[in-house]
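Numbering (the working numbering), first residue to last: 25 to 388.
Positions of the beta carbon are idealized from the N, C-alpha and C atoms, including for glycine.
Fair warning: this is a prediction, and the values are worked out from it, not measured in the lab.
Structure first, then comments.
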Amino acid sequence: MAISKQLHIEAIQTAIPSDVTLPGKSRRINLTNTTLTQDSLQSRFRMVFYYNKSSEEESAWTVAAWVKESISVALADWPELAGRLRKDREGDGCWEIKINDAGVRLVQASVEMQLDEFLAAEDRAEKEAALANWSDIDGENPDFSALFYIQVTQFEGNGYAVGITFSLLLNDPLFLIRFLKSWTQTHMQMLADGSLSKNPMFHLGYFQRPSRPKHLKSIGLDSFPSADATTTVLFKVPEIQSDNRDSYRKLASACIGEAVKSTRANGVSKFSLIANKSDGLEIETCEIGAHVKAESNGNVDAALKPVNWQDIGMEDFTLTKGNKPVHVSYRFISSIDEPLVVMMQSDDQEKDGAEMFIGAAIPK
Numbered sequence: 025m026a027i028s029k030q031l032h033i034e035a036i037q038t039a040i041p042s043d044v045t046l047p048g049k050s051r052r053i054n055l056t057n058t059t060l061t062q063d064s065l066q067s068r069f070r071m072v073f074y075y076n077k078s079s080e081e082e083s084a085w086t087v088a089a090w091v092k093e094s095i096s097v098a099l100a101d102w103p104e105l106a107g108r109l110r111k112d113r114e115g116d117g118c119w120e121i122k123i124n125d126a127g128v129r130l131v132q133a134s135v136e137m138q139l140d141e142f143l144a145a146e147d148r149a150e151k152e153a154a155l156a157n158w159s160d161i162d163g164e165n166p167d168f169s170a171l172f173y174i175q176v177t178q179f180e181g182n183g184y185a186v187g188i189t190f191s192l193l194l195n196d197p198l199f200l201i202r203f204l205k206s207w208t209q210t211h212m213q214m215l216a217d218g219s220l221s222k223n224p225m226f227h228l229g230y231f232q233r234p235s236r237p238k239h240l241k242s243i244g245l246d247s248f249p250s251a252d253a254t255t256t257v258l259f260k261v262p263e264i265q266s267d268n269r270d271s272y273r274k275l276a277s278a279c280i281g282e283a284v285k286s287t288r289a290n291g292v293s294k295f296s297l298i299a300n301k302s303d304g305l306e307i308e309t310c311e312i313g314a315h316v317k318a319e320s321n322g323n324v325d326a327a328l329k330p331v332n333w334q335d336i337g338m339e340d341f342t343l344t345k346g347n348k349p350v351h352v353s354y355r356f357i358s359s360i361d362e363p364l365v366v367m368m369q370s371d372d373q374e375k376d377g378a379e380m381f382i383g384a385a386i387p388k
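Have a look at this one:
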């Protein structure tokens with residue numbers, strides 16, 4: 025039997041906002057007909073950007089160190105991304121995101137494969153979890169669990185990857201993408217201004233000592249849980265002009281109907297709905313009953329337009345001058361056995377003709 029190739033974790037650190045976050049701010053998570061179980065707490069969105077080196081000076085370790093510097097500056101304007109999940113202290117079973125300085129988890133790693141080999145692998149989707157770190161949220165003590173991870177992984181040869189994992193309890197993927205676009209502008213401006221270190225260092229492990237292990241830990245690529253058990257489908261629809269719950273349910277039901285048809289899934293009777301709304305996050309379990317199916321026909325179905333993740337505009341995400349990713353992957357990760365629908369708010373909701381994205385993860 026072939027020996028599994030290894031992922032080596034070199035360092036794990038935390039980046040906090042460069043400005044102090046004012047106390048007392050939080051974002052409510054409203055639950056309807058559902059509870060946050062240990063499995064549902066792990067629902068997340070994952071992106072992996074793959075790069076070839078564009079120069080001899082460029083390396084994964086340089087990028088990782090620069091990321092540590094620039095992400096702290098970028099987070100100052102997006103403090104909610106550095107927050108933590110906690111149970112509402114009122115004792116009514118509700119949850120909230122406490123906006124504070126807890127920070128984003130940063131991981132530096134290396135993998136025993138070349139970039140081209142990894143991208144060509146038939147089981148790439150299964151191995152990709154190795155490139156985007158995630159530690160399960162502790163339902164009993166969620167305050168200590170990070171909700172946002174950035175991992176920079178060095179391939180053998182000239183390639184590297186930047187993997188991002190983002191809890192869907194923080195906000196929706198469109199919010200994350202707006203942050204990433206803002207962050208890359210900050211990062212590239214700091215690079216142009218010479219504000220990033222010329223000889224960057226991610227962690228003190230660069231100074232190797234004989235008594236220190238070479239890696240924090242090493243994990244076989246075949247040891248990571250597979251995300252290939254779900255298929256992600258993306259739609260675009262006209263923006264809902266109100267926070268009416270029935271409107272969200274109708275759109276979500278129509279989305280599930282189209283997603284089930286396109287993936288040929290069977291036995292779908294209910295789904296989980298996560299909607300990013302003006303007063304917080306709404307999470308509920310919806311039954312796919314005959315009355316719901318009837319409501320989701322006609323104009324609602326006609327408004328659904330299947331789109332690709334590439335339409336979101338992250339194919340130009342750069343962290344070094346002129347070096348665009350050679351490939352970008354996007355995936356919802358869900359630990360529950362039912363479909364998941366995520367409704368994402370656009371940043372121009374007030375404009376006529378504004379559109380919103382709806383993503384669905386369908387179990388295979």
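Look at the alpha carbon of residue i and the alpha carbon of residue j, and state the distance between them as a whole number of angstroms.
i                 : j              : result
serine 50         : isoleucine 243 : 36 Å
lysine 345        : asparagine 54  : 42 Å
valine 284        : isoleucine 307 : 21 Å
lysine 238        : asparagine 182 : 21 Å
alanine 144       : lysine 151     : 12 Å
arginine 269      : methionine 71  : 29 Å
phenylalanine 356 : glutamate 80   : 35 Å
glutamine 32      : serine 134     : Reading off the sequence, residue 32 comes out as histidine, not glutamine. So the two alpha carbons sit approximately 5 Å from each other.
alanine 288       : alanine 384    : At residue 288 the sequence reads arginine, which differs from the alanine that was named. Distance between the alpha carbons of arginine 288 and alanine 384 is about 14 Å.
lysine 205        : methionine 214 : 14 Å
tryptophan 207    : lysine 241     : 30 Å
leucine 305       : leucine 297    : 10 Å
serine 219        : threonine 210  : 11 Å
leucine 364       : threonine 309  : 9 Å
valine 44         : aspartate 125  : 7 Å
tyrosine 75       : lysine 122     : 34 Å
proline 41        : leucine 105    : 9 Å
leucine 60        : alanine 216    : 44 Å
phenylalanine 295 : valine 366     : 11 Å
leucine 171       : serine 286     : 31 Å
aspartate 147     : alanine 153    : 11 Å
isoleucine 95     : arginine 68    : 20 Å
Use the C-beta contact count for residue i: other C-beta atoms within 10 angstroms, 16 or more gives buried, fewer gives exposed.
i             : result
alanine 314   : For alanine 314, the pLDDT reaches just 40, beneath the cut-off of 50, and the residue's location in the model is therefore unreliable, although a value from the coordinates is still provided. Exposed.
glutamine 369 : buried
serine 247    : exposed
glutamate 362 : buried
lysine 473    : An answer regarding residue 473 cannot be provided, because it is not within the stretch 25 to 388 covered by the chain.
glutamine 132 : buried
glutamate 47  : Checking the displayed sequence, the identity of residue 47 turns out to be proline instead of glutamate. The residue is exposed, with fewer than 16 neighbouring Cβ atoms inside 10 Å.
alanine 98    : buried
serine 277    : buried
proline 197   : buried
glutamate 120 : buried
lysine 92     : buried
glutamate 164 : exposed
glutamine 334 : exposed
serine 28     : exposed
proline 249   : exposed
Let me make sure I understand the geometry here. Which of the options has the alpha-carbon closest to that of residue i?
i                 : options                           : result
methionine 338    : Arg269, Leu200, Pro330 and Gly107 : Leu200
serine 293        : Ile36, Glu311, Ile280 and Asn347  : Glu311
glutamate 34      : Asp303, Trp85, Thr59 and Pro197   : Trp85
alanine 39        : Glu282, Pro262, Tyr173 and Ile280 : Tyr173
leucine 193       : Asp335, Trp102, Cys279 and Ser64  : Ser64
lysine 301        : Gly281, Glu263 and Ala327         : Glu263
leucine 245       : Leu155, Lys274 and Thr309         : Leu155
phenylalanine 73  : Ile123, Ser42, Gln178 and Gly127  : Gln178
phenylalanine 341 : Asn332, Ser353 and Val331         : Ser353
asparagine 57     : Ile336, Cys118 and Ala378         : Cys118
leucine 258       : Arg273, Ile161 and Leu328         : Leu328
isoleucine 386    : Trp333, Asp303, Glu379 and Cys279 : Cys279
glutamate 180     : Arg148, Ala170, Glu141 and Ile360 : Glu141
serine 159        : Ser94, Lys274 and Ile36           : Ile36
isoleucine 360    : Ile336, Lys348, Ile382 and Lys388 : Lys388
serine 271        : Ala299, Thr255 and Gly281         : Ala299
glycine 187       : Glu136, Glu379, Val87 and Arg110  : Val87
What first and last residue would you give for the beta strand (DSSP E) that runs through residue i?
i                 : result
phenylalanine 356 : 351 to 357
threonine 309     : 304 to 311
leucine 155       : Taken as a continuous stretch (DSSP letters only), leucine 155 belongs to no beta strand (DSSP E), as it is neither H nor E.
glutamine 213     : No beta strand (DSSP E) contains glutamine 213, which is instead part of the alpha helix (DSSP H) from 197 to 217.
threonine 287     : Not the beta strand (DSSP E): threonine 287 falls in the alpha helix (DSSP H), residues 269 to 287.
phenylalanine 381 : 379 to 387
threonine 177     : 172 to 180
leucine 258       : 254 to 262
leucine 297       : 294 to 301
On the DSSP letters alone, give me the boundaries of the alpha helix (DSSP H) that residue i sits inside.
i           : result
leucine 55  : Element bounds for leucine 55: not the alpha helix (DSSP H) but the beta strand (DSSP E), 50 to 56.
leucine 130 : Where leucine 130 is concerned, there is no enclosing alpha helix (DSSP H), although the beta strand (DSSP E) it sits in stretches over 128 to 138.
alanine 35  : Counting along the chain, alanine 35 falls outside any alpha helix (DSSP H), though it belongs to the beta strand (DSSP E) covering 30 to 39.
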